[in-house]
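Q: So for the sequence shown, UniProt numbering puts the first residue at 1; every next one is plus one. Every residue, glycine too, gets a C-beta built ideally from N, C-alpha and C. Since we're looking at a predicted model, the values are computed, not measured.
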Amino acid sequence: MTEQPQTLSLSELEMPGDFIRRHIGPNREQIDAMLATLGYDSVDALIDAAVPDHIRLKRPLDLKTARSERVIEDYLRRMRSGNRALTSMIGMGYHDTIMPNVIKRNVLENPGWYTAYTPYQAEISQGRLQALLNFQQMIIDLTGLAVANASLLDEATAAAEAMMLSRRVNAKAGSRFLVDSDCHPQTLAVLQTRARPLGIDIVTHDLAESPDAADLQDCFGVLVQYPGSSGRIIDLAAVSERAHAAGALVTAACDPLALVLLKSPGDLGADIAVGSTQRFGVPLAYGGPHAAFFATHDTYKRQIPGRIIGVSRDARGRPALRMALQTREQHIRREKATSNICTSQVLLAVIASMYAVYHGPKGLGIIAERVHRMALLFARGIEQLGYRIVSDTFFDTVTIHTPGVARRLAAKARAAGFNLRVHDADHVSVAFDETSRRSYLDQLWSIFAPRQRGLDFDIMAMDTAIADCLAQTQRRSDAILTHPVFNRYHSETEMLRYLRWLASRDIALDRSMIPLGSCTMKLNATIEMLPVTYQLFSGIHPFVPLDQAQGYQQLIEELEDALCEITGFAAFSFQPNSGAQGEYAGLLTIARYHEARGQQQRNICLIPASAHGTNPASAQMAGMQVVVVACDERGNIDVANLKAKAEQHADDLAALMVTYPSTHGVFEESIVEICEIIHAHGGQVYLDGANMNAMVGICRPAAIGVDVCHLNLHKTFCIPHGGGGPGAGPIGVAPHLASWLPDHPVVPGVNPAAGTAQTVGTVAAAPWGSAGILPITWTYIALMGGDGLTRASQIAILNANYIARQLESHYPVLYTGLNGLVAHECIIDLRPLKDSTGITVEDVAKRLIDYGFHAPTISFPVAGTMMIEPTESESQAEIDRFCTAMIRIRAEIAAVERGDADRDNNVLKNAPHTHELLLEDDWPFSYSRETAFFPLASQHDNKYWPTVMRIDNMHGDRELICTCPPVSAYEDNEPEALVSSA
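#1: Compute the Euclidean distance between the alpha carbons of E971 and L142, then round it to the nearest angstrom.
#2: If you pair each beta-carbon of the segment 690-701 with each one of the segment 304-316, do three or more pairs fall below 8 Å?
#3: Roughly how many angstroms separate the alpha carbons of I304 and R700, rounded to a whole number?
#4: Would you identify the three-state DSSP class for P616, choosing helix, strand or coil?
#5: List, from N- to C-terminal side, the alpha helix (DSSP H) runs of 4 residues or more that fit wholly inside the segment 295-376.
#6: Report yes if the CB atom of A766 is closer than 8 Å to the CB atom of V190, and no otherwise.
#7: Compare the C-alpha of G17 against each of K64, K645, R437, F457 and name the closest.
#8: For S9, which three-state DSSP category applies?
#9: For R646 and I341, I'd like the C-alpha separation in whole angstroms.
#10: Between which two residues does the beta strand (DSSP E) holding Q225 run?
#11: Using the three-state DSSP reduction, which class does T399 fall into: helix, strand or coil?
#12: Can you tell me the Cα-Cα spacing of Q192 and G724, whole angstroms?
#13: Given that a residue counts as buried once 16 or more other Cβ atoms are within 10 Å of its Cβ, and exposed if not, what is A982?
#14: Can you name, in chain order, every residue of its own chain whose Cβ lies under 8 Å from the Cβ of T884, other than the five neighbours on each side?
#15: Which residue's Cα is closest to the Cα of V629: Q648, G317, S618?
#16: Could you give the C-beta distance for V639 and E673, rounded to a whole number, given that I count them as a contact under 8 Å?
#17: Rounded to whole angstroms, what is the Cα-Cα separation between M949 and I124?
#18: Using 8 Å for Cβ pairs, my map puts V763 next to P576. What's the rounded Cβ distance?
#19: Where does D18 sit, in a helix, a strand or coil, going by DSSP?
#20: Below 8 Å, how does it come out for the segment 507-519 and the segment 143-160: are there three or more Cβ pairs, yes or no?
#21: Given Q758, which residues of its chain have a CB within under 7 Å of its CB, disregarding the five upstream and five downstream residues?
#22: Taking the straight line between their C-alpha atoms, what separation do you get for G586 and F569?
#23: Once DSSP output is grouped into helix, strand and coil, what is the label at N524?
#24: Residues in the same chain with beta-carbon distance under 7 Å from C469, minus the five sequence neighbours each way, listed in chain order, please.
#25: Between the Cα of residue 994 and the Cα atoms of N615, E73, R488, H913, which residue gives the shortest distance?
#26: Use the C-beta contact count for S968: other C-beta atoms within 10 angstroms, 16 or more gives buried, fewer gives exposed.
#27: Go through its chain and collect everything with a Cβ distance to H681's Cβ below 8 Å, but skip five positions before and after it.
#28: A646 lies in the alpha helix (DSSP H); which residues open and close that run?
#29: If you reduce the DSSP assignment to three classes, tell me which class P965 lands in.
#30: For the candidate residues V746, I951, A800, whose alpha-carbon lies nearest to that of residue 997?
#31: Quick one: what's got a C-beta closer than 7 Å to Q581's C-beta in the same chain, skipping five residues either side?
#32: Exposed or buried, what is L268 when buried is set at 16 or more other beta-carbons lying within 10 Å of its beta-carbon?
#33: With DSSP as the reference, label V274 as helix, strand or coil.
#34: Does the distance from the CB of T397 to the CB of S230 come in under 8 Å?
#35: Between the C-alpha atoms of A85 and A146, what's the straight-line distance to the nearest angstrom?
#36: Would you call the CB atoms of T251 and L216 closer than 8 Å?
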C-alpha cells in the first residue's frame, strides 16, 4: 500500500521558522548521525548530560515566535520609517559622506570581507592586511607622524588611549592632563571617565590663548582639537612649543579631511594624533561603527594601543605582512598591557582606506576644497546678514554669534530640513560635508535672514571674489598619499579588480569554516546584513533630536527587552562598542556601586589564571588590583583557592571576573557556589559573556548569581567579525546596578534608570555605541525566536562534542565536564607531539592552510594546544571535512614519529606551500607535490592558494616597518607587485 503524503496545514506551509533551518548547519539526518556517534538519542538528552541541572532554565524563552524573512523585512521597513533623515550639519566629529558604490558592493556587502576573522594566521590574511597597511600609510601621510596603528574603536577612545600613552612615557611630569575647551564634549566625557579611577586630573583650558606655565604645571600631556569643535583652527605650533617647554606631550585630535588641506600635526609639533576616519566614506550609522586612528613618533611604537600591521618576510625572503609587536598586547602582558583593546574597526578601516585609494590625493583635495569653499561662502553670506562669525579661520564648521536666538534659529532650520548644532542660547554652528549642495546655501541664508530682508546673493559672483580664511602658512605644502596604491585605482574597473584581488588572498567564512575557539565565527546571514545599508538606519547623525530617531529608539528598546529575557538581567547599556569596552564599563559600574554604598576601598578583582587577557587589563584600567585565582587539574576554578582569596580580601573585594562556560570549554558545576562565595564576602560577580552562545535558552547568567555581564554581539548574536571589527559589547546588569550604567553629555536619557544618580560617566563617543550594527542582532533574534535561539545553542554544543569525539583517538582532548562532555568548544593537546617529533601547534596551524582551512585558536588558554569551536552554522559535511584534515595531519606527524619523514624538513615544517613552489623545475622536498598541495581529493576542484610561505615573525618585530614599502622592494613593476607593496 502506497503511503499517503502528509498533509500540511497552512501555518506549516507558510514556513515561519524556515530561517532557523537555514541558519543551523546540520539537517535532521546529520543531527541524528552525530547523536548516534555520541551515544545519545536526542539533542535534549545530550544537553541534559552536558549542562548541570541546577543552572538550567526550566522554561522556554519568552520571546516572539520565529518570523519569516519577508515578515521581518516589512517590520524593519515600518520601524526605520520612525527615523527622519534630515540634513544634519551638526558636525562634532560626525559628518555625512558618500561611500563609493564600488566599495559598498565589494567590501561592505561582500562576505569575503565582512566574514573574515582577525588576522592571527597572517599567511591567509594578506589581502586585508594590505588594506590595513594602506590605512596606516594614509594616516601617517595625513598626520605627519612616523607610525600609526590599524584603527581603534572611536575618536574619544583614541583620545583616552593617547592620554594613557602620554602618562606611561611621561610619568614624572605630574597627574594633570590639559584639554582644550574646544574639544568635542563626548571626547572630554570619555577622558573624564577614563581618568577618574586612575587618579588623573582633567583640566580644561581655552588653548586659543596659549597656555602659560601655571596652566601647564604638573601636566604630563595636552589635548588639542584640530580643528576645534566650534570649527576654529588654533595655533597648534605655539601650543606644542609651550607644552614641550613644560615637559608635556601634545595630542592633536584631528579631522582627516581637514588634514588634506591643513599642515599636519606632526609638522606643528604634536607628539600624538588621533581622530575618526568616518567621513572617509563610512556612514553616520547613528554613531558607529567607525574606524578611529592613532599615530605617534617612532620612539613610542611599543606603547601604541591596538594592532599594528608590519612588513616582514616569508621563508623565501619575500615581503609578507603580519600583526607586529604583539608582545605588548593584553594576551601576553595582561594587566601590564598598553591597553585592554583587543580589537579594531577593520571593516571600517578597510572602507576608509579604500576611499582614499579610490579618490587618490587629487580627488581628496577636490572634496576637501569643495567642503571648505561651501563653508567660506556660507560664512561670508552670514556676515552680510549682520551676524558675527566666532572664528576667523575654519575648515568646514562655522560658529555664529546669535544673541538669544540660537535655539529659535535651530528650530527654524529643522522645519526647513536641517539639523544645526546649538552650543548655548547665543551660538549655533553649521558644519558642511561632502554631501553639501549649493542649494543648501540659499536655504540656510534664508533661515538666518531677518524676515523683512530678501536674499540677493549671487553665489557665482561671491565664489569668484571670495578670499580664503586660511593663510598659506596654515596650509600644508608637502605631498600626501604619494605611494602608487593611492594613484592608480581611480577607475571603477581598476578598483573592482583590486578589491577582488585582495579578497582572493584571504580565507573568510565564504570559503570554509573558521573553527576558532572563544571567538565564534557563525553565519552572518544576508538578511541580517541588509538593514546596515538602509538609508534611514545608516544616514542618522548620533546627536539628532530623539524625535528624529524613533526607529532606532524602538529597535534599541526591543533589543534590550529581548536580551534581558535571554540573560535574566534588568537593564542593558549599548554604549560599549567592543567586548573589552564592555568589560571596562561593567567593572566601572561595580566600582561605582561600591562607592555609592561608602565602600570605595573595595578594589580587589579576582581573576582566574585561565582568563582572557582583556580581563586583567580591564580591571587595571578600572582602578582595580588583580589577584589571580588558581585553576585545578581539570581546568576549572579551584574553589578552595577562590574561597581563601575571597576571605583574605573580604574587606577590599570588589569583584570576580569569570567566563562561563569556562575558558576551557566546559560547564563548571561549581559556578553557583562560586558566585555565592563572592557575594558572601561583599563582592560582585562579573561574567565575561564571550561564551554566551552556549547558554542562550539553556541557562541565564542572572539566575546563577551573576551581577554584570557583557555580550559579544559580534559573536553570539551574528554581527560579523569583519577581519577584527566591528564589534559591540553591551552590558547587562542586575536591578541594583542599573542606576550606574553609562550616560552621555550630549544626548539626555541614555540611561533611563539613572535618575539623579551619578553614573559611571561615558565610555564611548556615541550614546548607543555602534548603533548602526544593532539591527543585525535584532534581526537575528526576530528570525530565530526563542525556540530557534535555544536550538542554536544546542547544536553548537552537539557540533563541538562531535568534533571532540572524532578527534579524541588522534589527539588528547584536554578538558571535559559532566559525563566526559564539553560545552561549545574543545581543546586538543599537541604538547606530547612536540616532545616526540618537534612538531608544534603552529606547524599544524600552517599545514591546515594547505588543506584550505583557517586554523583554530592556538596556544590559548593553554600553550601548545588548539581550541576548536565549530558553531551551530556548520553542517556535518563541513565538520567531517575539517576532522578528516586533522586526522590526515596526525598521520603526517606519525610519519615523523616513525622516522619516515625528516624531523626538520617535512610537510608540516614547510607549510604552507605556495603556487610558486608548484612551478619550480627542481622540487626541493622529499615528499610529492600532490602531498604538499592536494592532501584532500576535494581540493582538485576547490583549492585555496596561499600567497606567501611561513612568515618570519621575529624579523618583523626586529625591523618594524608599518608603511607601504617602495615598489623597488619587489621583483618587478607589474600590477601585482604594485598592489603587493600596499
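A: Reading it off the structure:
#1: What you label residue 971 is simply residue 971 of the sequence shown in a count that begins at 1. What you label residue 142 is simply residue 142 of the sequence shown in a count that begins at 1. For E971, the predicted structure reports a pLDDT of 41, less than 50, and the residue's modelled location is therefore unreliable. The matter cannot be settled from this model.
#2: Touching, no.
#3: Residue mapping note: residue 304 aligns to position 304 of the sequence shown, counting from 1. Residue mapping note: residue 700 aligns to position 700 of the sequence shown, counting from 1. Near 38 Å, if we compare the C-alpha coordinates of R700 and I304.
#4: Residue 616 sits at position 616 when you count from the first residue of the sequence shown. P616 falls in the helix class under three-state DSSP.
#5: 330-333
#6: Locating residue 766 in the sequence shown gives position 766, where the first residue counts as 1. Locating residue 190 in the sequence shown gives position 190, where the first residue counts as 1. No, they are not a contact pair.
#7: Translated into the one-based positions of the sequence shown, residue 17 becomes position 17. The residue with the shortest Cα to Cα distance from G17 is K64.
#8: Reading the sequence shown from its first residue, position 9 is the one you call residue 9. In the structure shown, S9 sits in coil (DSSP, three-state: anything other than H, G, I, E or B).
#9: Taking the sequence shown and counting its residues from 1, one reaches residue 646 at position 646. Taking the sequence shown and counting its residues from 1, one reaches residue 341 at position 341. Note on identity: in this sequence residue 646 is Ala, with Arg being the wrong assignment. Their Cα atoms are separated by approximately 28 Å.
#10: For this step, residue 225 is matched to residue 225 along the sequence shown. That run of the beta strand (DSSP E) goes 219-226.
#11: Walking along the sequence shown from the start, residue 399 turns up at place 399. Looking at T399 - three-state DSSP - the assignment turns out to be strand.
#12: Here residue 192 refers to the residue found at position 192 of the sequence shown. Here residue 724 refers to the residue found at position 724 of the sequence shown. C-alpha separation (whole angstroms): 28 Å.
#13: As a position in the sequence shown, residue 982 is number 982, starting the count at 1. Any reading at A982 is ruled out, since the residue's pLDDT is 37, under 50, leaving its predicted position unreliable.
#14: Residue mapping note: residue 884 aligns to position 884 of the sequence shown, counting from 1. Excluding positions up to five away in sequence, the list reads L936.
#15: For the purposes of this step, residue 629 is taken as the residue at position 629 of the sequence shown. The residue with the shortest Cα to Cα distance from V629 is Q648.
#16: To locate residue 639, count along the sequence shown from 1; it is residue 639. To locate residue 673, count along the sequence shown from 1; it is residue 673. Correct: roughly 6 Å between the Cβ atoms.
#17: Taking the first residue of the sequence shown as 1, we reach residue 949 at position 949. Taking the first residue of the sequence shown as 1, we reach residue 124 at position 124. Looking at the two C-alpha atoms, the distance is approximately 10 Å.
#18: Taking the sequence shown and counting its residues from 1, the one referred to as residue 763 is at position 763. Taking the sequence shown and counting its residues from 1, the one referred to as residue 576 is at position 576. Yes, V763 and P576 are in contact; Cβ-Cβ is about 6 Å, under 8 Å.
#19: Stepping through the sequence shown from its first residue, residue 18 is reached at position 18. Correct three-state label for D18: helix.
#20: no
#21: Residue mapping note: residue 758 aligns to position 758 of the sequence shown, counting from 1. Cβ neighbours of Q758 beyond the five flanking positions: none.
#22: Here residue 586 refers to the residue found at position 586 when the sequence shown is read from its first residue. Here residue 569 refers to the residue found at position 569 when the sequence shown is read from its first residue. The straight-line gap from Cα to Cα measures roughly 13 Å.
#23: What you label residue 524 is simply residue 524 of the sequence shown in a count that begins at 1. Here N524 sits in coil by DSSP.
#24: Position 469 of the sequence shown, counting from 1, holds the residue named residue 469. Counting only Cβ-Cβ distances below 7 Å, and skipping sequence neighbours, we find L376, D392, T393, F394.
#25: Outside the displayed range of the chain (1 to 982) lies residue 994, so it cannot be described from this structure.
#26: Looking up residue 968 in the sequence shown gives position 968. Only weak support exists for where S968 lies, its pLDDT of 46 falling under 50; the coordinates are left without a value.
#27: Position 681 of the sequence shown, counting from 1, holds the residue named residue 681. Result list for H681: A646, E647, H649, A650, L653, in chain order.
#28: If you number the sequence shown from 1, residue 646 lands on position 646. Element bounds for A646: 639-648.
#29: One-based indexing of the sequence shown puts residue 965 at position 965. It is coil, neither helix nor strand.
#30: The first residue shown for the chain is 1 and the last is 982, placing residue 997 beyond what the model contains.
#31: Locating residue 581 in the sequence shown gives position 581, counting from the first residue. Short of 7 Å from the beta carbon of Q581, and not among the five residues preceding or following it, lie these beta carbons of its own chain, in chain order: L153, G729, V763, A764.
#32: Taking the sequence shown and counting its residues from 1, the one referred to as residue 268 is at position 268. Counting Cβ neighbours within 10 Å, L268 comes out buried, since at least 16 surround it.
#33: Position 274 of the sequence shown, counted from the first residue, corresponds to residue 274. Note: V274 maps to strand in three-state DSSP.
#34: The residue labelled residue 397 in the question sits at position 397 within the sequence shown. The residue labelled residue 230 in the question sits at position 230 within the sequence shown. Taking 8 Å as the Cβ cut-off, T397 and S230 qualify as a contacting pair.
#35: For the purposes of this step, residue 85 is identified with residue 85 of the sequence shown, where counting begins at 1. For the purposes of this step, residue 146 is identified with residue 146 of the sequence shown, where counting begins at 1. Answer to the nearest angstrom: the Cα atoms are 40 Å apart.
#36: In the sequence shown, the residue the question calls residue 251 occupies position 251. In the sequence shown, the residue the question calls residue 216 occupies position 216. No, these two residues do not count as a Cβ contact at 8 Å.
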